[in-house]
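Just so you know, we're using this note's numbering here: the sequence shown kicks off at 4 and counts up by one.
Note that beta-carbon positions come from the ideal geometry of N, C-alpha and C, so glycine has one too.
Report on the structure given below.
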Amino acid sequence: MREFGYQRALDVSGAVALLDADPEARFLGGGTNLVDLMKTGVERPARLVDVRELPLNRIEATEDGGLRIGATVTNSDLAAHPEVRRRYPALAQAVLAGASGQLRNMATVGGNLLQRTRCGYFADITSACNKRSPGTGCPAIEGQHHNHAILGASDHCVATHPSDMGVALTALDARVSYETADGPGEIPLADFYLPVGQTPHLETALPPGALITGVTLPPVPVAADSRYRKVRERASYAFAIGSIAAALDVRDGVVHDVRLAFGAVASRPWRAGTAESVLTGAPADAETFAAAAEVELAAARPLPHNGYKVTLMRNLAVAVLSELAEEATR
């Protein structure tokens, strides 16, 4: 591990100034991903700027009836918050599915969104990896890729994004707020993660040196009828091989409103907008749910050993949407 400096930031502007003055510095929240990557040599910051003491640890109602979640809110506090559980249950479920209690107590909302892929080639500094070392290649395409992307990948990278929280936030139309030396900004989470293309090392639309300050959830009535479901290879905490965040409003047997996002199938949480268009105004039944999923997954380009994800995601969408539709009739 490279030797590094450490400094605790006391306010947002001070934190941003510290990173602006040192491009090789990194913000440190819970450290549950960054410190691991430092141990393996993937991340080699010259300085860590600790942001845990910044006044960004509150969950508050917005004027329009949504919720604003501070960037240093821990995953545990987020999942336990009564308004999150009541109005955005898929988000609470996603957080609880994401990690053990010990990790949730440390991990922060901002850090969760910025966590990096768990692709084994990315984590191994002796391997080629376009995401870690641009231009060196993507050995996963010909190698171990059973849990890699089937949507939105390219010849340059087939890694997936690991966040459970991000999938739920994508389905719920969340927006990410940030601060830079030039002032504040905001990005819809749907635009937060960049397409892979030829530059997989460019992962987010955040400006250089930006500090995430919070996430805002809009007042989405359908979100109260939402669910997150995660499939993994073992019962204990593990990264998903497929997941879904879904919200469904059914009236008189017809889909009135729907939000849908897939996880563990792309380099970013995948908003299933095509499926949403098929579902809106259609009968709320398993046949329609399957047809919508198949239309969304028609764009899938699986590799030899991850084609199972197409069937998995179709079945997962049908199961979760059917459960929500049945609950709407009770």
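Problem set entry | Integer-rounded CB distance, given that residue 315 should sit under 8 Å from residue 234 | 6 Å
For this session: Using DSSP bridges, identify the partner residues of residue 254.
Result: 257
Exercise. Could you give the distance in angstroms between the alpha-carbon of residue 100 and the alpha-carbon of residue 148?
Worked result: 23 Å
Problem set entry | Per-residue DSSP class, three states only, for residue 56 | If DSSP states are grouped into helix, strand and coil, residue 56 belongs with coil.
Problem set entry | Identity of the residues DSSP links to residue 9 by a beta bridge | 51
For this session: Give the single residue among 105, 5, 143, 139 whose Cα lies nearest to the Cα of residue 121.
Result: With respect to the C-alpha of residue 121, the residue from 105, 5, 143, 139 having the closest C-alpha is 143.
Exercise. With distances taken from CA atoms, which of 139, 32, 123, 114 is nearest residue 179?
Worked result: 114
For this session: Count the other C-beta atoms from every protein chain shown that fall within 10 angstroms of the C-beta of residue 311, then say buried if there are 16 or more, exposed otherwise.
Result: Label assigned to residue 311: exposed.
Exercise. Using the C-alpha atoms, what's the distance from residue 191 back to residue 221?
Worked result: Distance between the alpha carbons of residue 221 and residue 191 is about 11 Å.
Problem set entry | Enclosing alpha helix (DSSP H) for residue 169 [first to last residue] | 167 to 174
For this session: For residue 303, count neighbouring Cβ atoms within 10 angstroms of its own Cβ and tell me buried if that reaches 16, exposed if not.
Result: buried
For this session: Give the range of the alpha helix (DSSP H) segment to which residue 195 is assigned.
Result: 192 to 195
Problem set entry | Other residues of its chain near residue 184: CB distance less than 6 Å, five sequence neighbours each side excluded | Non-local C-beta neighbours of residue 184 in its own chain, meaning closer than 6 Å and more than five positions away in sequence, comprise 19, 23, ordered along the chain.
Exercise. Can you tell me whether residue 134 is buried or exposed, with buried defined as 16 or more other CB within 10 angstroms of its CB?
Worked result: buried
For this session: Counting only the same chain and skipping the five closest in sequence on each side, list residues whose C-beta sits under 6 Å from that of residue 171.
Result: 93, 94, 97, 231, 248
Exercise. Helix, strand or coil: which one does DSSP assign to residue 153?
Worked result: coil
Exercise. How far does the beta strand (DSSP E) with residue 91 in it reach, from first residue to last?
Worked result: Looking at the DSSP string, residue 91 is not in any beta strand (DSSP E), and its letter there is neither H nor E.
Problem set entry | Given residue 255 as reference, the closest of 332, 208, 116, 240 once Cα atoms are compared | 332
Exercise. When the Cα of residue 186 is compared with those of 196, 212, 166, 329, which residue comes out closest?
Worked result: 212
For this session: Check residue 134 in the structure and name its three-state DSSP category.
Result: coil
Exercise. DSSP on residue 213, reduced to helix/strand/coil?
Worked result: coil
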